[in-house]
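For the record, in the sequence shown the residue sitting at position 193 is 193 according to the UniProt record's numbering, with numbers rising by one throughout. The structure appears right after this line, and notes come after that.
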Amino acid sequence: MRRSAPAGVGADSGRTRNVGTFTVHALCDGVGTFFEPLSSAFPDAGATELAAAVALDPESFPPDGRWRLHFHAFLIRPRAGGAILIDAGIGDANAPAAEWAPTPGRMPENLKLLGVAPSDVDTVLLTHLHSDHVGWSVVNGRPCFPNARYVVPKADHDAVGKLNPRVRDEILAPLAATGQLDLIEGKVRLGPGITTVPTPGHTPGHTSALLESGDDAIVFSGDAVLNALQLVAPRVAYLLDDNPEAARAARLALLDQARLRGAWLATSHLTDPFLRV
């Protein structure tokens, strides 16, 4: 696996990759420690697998045995204009993720550094409805991206009462009220060059995405890949997957797709947002 090189788009804006006629910016909304020890979060991981994962992403494995996460969203900017956001970060100090994740997040500042206004974003794909992926969707009861359609997996929408009632009430309800909520099933074309990839298991409707342009491609994994352990040992399960067997199968298929396509993998929680697998 090969890590990407930094690109100078501002310290809080993460890194950037060019994919044919698109530019992809990784937006780090925050960095924090998970509430479960690593040994609990990935109980099946062995010592050899752990050592390989530490070598790949040492910053995610502090010496106290915890798990240090980066919270990445991704902004896709076509050369023709417009912008697509993959996930909406952890949000402000009042967001649902504030119960466990480091808030407030930094997405507004990161977008400003890139010269992007919220009104420039025309599509927001929420890979799933866990609170750390939806936080900047709605702020103070109003959609943060006023001109965007918010694409949400229908299976997660239907299960959101179980996933997180606050997400239902504070995120989905305002989006539905403004007519901006777009529920999808299966593989859907979001725009030229970008399609969704169903990867259920982490949540019932978890959805990744594939961006292709010419010979270049990026796979946005969402939480189908959560930690370097799942790159060096893709069969290792995660404690909080809704369906561990389905999540394992989806992860294996997604990584195979990335390898066969020669694509970069854009990760939500690893230190480096872009990796070759």
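A virtual CB, placed ideally from N, CA and C, is assigned to each residue, including glycine. Only a predicted model underlies this, so the values are computations on that prediction, with no experimental measurement involved.
Just to confirm the assignment: which complete alpha helix (DSSP H) runs, minimum length 4, are found wholly within the segment 11-88?
Runs of the alpha helix (DSSP H) inside the segment 11-88: 38-41, 47-56.
With respect to the alpha helix (DSSP H) encompassing valine 160, which residues constitute its N-terminal and C-terminal limits?
For valine 160, the uninterrupted alpha helix (DSSP H) segment begins and ends at 154-163.
Are there 16 or more other CB atoms within 10 angstroms of the CB of threonine 48, so buried, or fewer, so exposed?
exposed
Is it right to say glycine 141 is buried, meaning 16 or more other beta carbons lie within 10 angstroms of its own, or is it exposed?
exposed
If we require 4 or more residues per run, which alpha helix (DSSP H) segments fall completely within the segment 107-148?
Qualifying alpha helix (DSSP H) stretches, in chain order: 107-113.
Between the beta-carbon of proline 273 and the beta-carbon of alanine 53, is there less than 8 angstroms?
no
Return the residue from the list Leu240, Ser268, Leu260, Ile218 that minimises the CA-CA distance to asparagine 18.
Ile218
Three or more C-beta pairs under 8 angstroms: does that hold for the segment 201-218 against the segment 112-130?
yes
Please return the same chain residues whose Cβ sits closer than 6 angstroms to the Cβ of alanine 5, not counting the five positions on each side in sequence.
Residue confidence for alanine 5 is low, a pLDDT of 38 falling below 50, so the modelled location carries little weight; the figure read from the coordinates is stated next. Excluding residues within five positions, none has a Cβ falling inside 6 angstroms.
Cα separation between proline 192 and phenylalanine 34?
Computed Cα separation, rounded: 36 angstroms.
Return the Cβ separation of isoleucine 171 and valine 134 in integer angstroms, given the expectation that the two are a contact with Cβ distance under 8 angstroms.
5 angstroms
Under 8 angstroms, do valine 197 and leucine 210 count as touching if we go by C-beta distance?
yes
Under the rule that 16 or more other beta-carbon atoms within 10 Å means buried, what is alanine 173, buried or exposed?
exposed
Please state whether DSSP places arginine 259 in a helix, a strand or coil.
Assigned with DSSP and collapsed to three states, arginine 259 falls in helix.
Quick check on the DSSP output: the alpha helix (DSSP H) that includes leucine 240 runs from which residue to which?
It is not in any alpha helix (DSSP H) - leucine 240 carries neither H nor E in the DSSP assignment.
Whether or not the segment 104-112 and the segment 179-194 are in contact is what I'm after, with contact meaning three or more pairs of Cβ atoms, one per stretch, closer than 8 angstroms; do they touch?
no
Just the Cα atoms here: how many angstroms apart are leucine 38 and alanine 80?
43 angstroms
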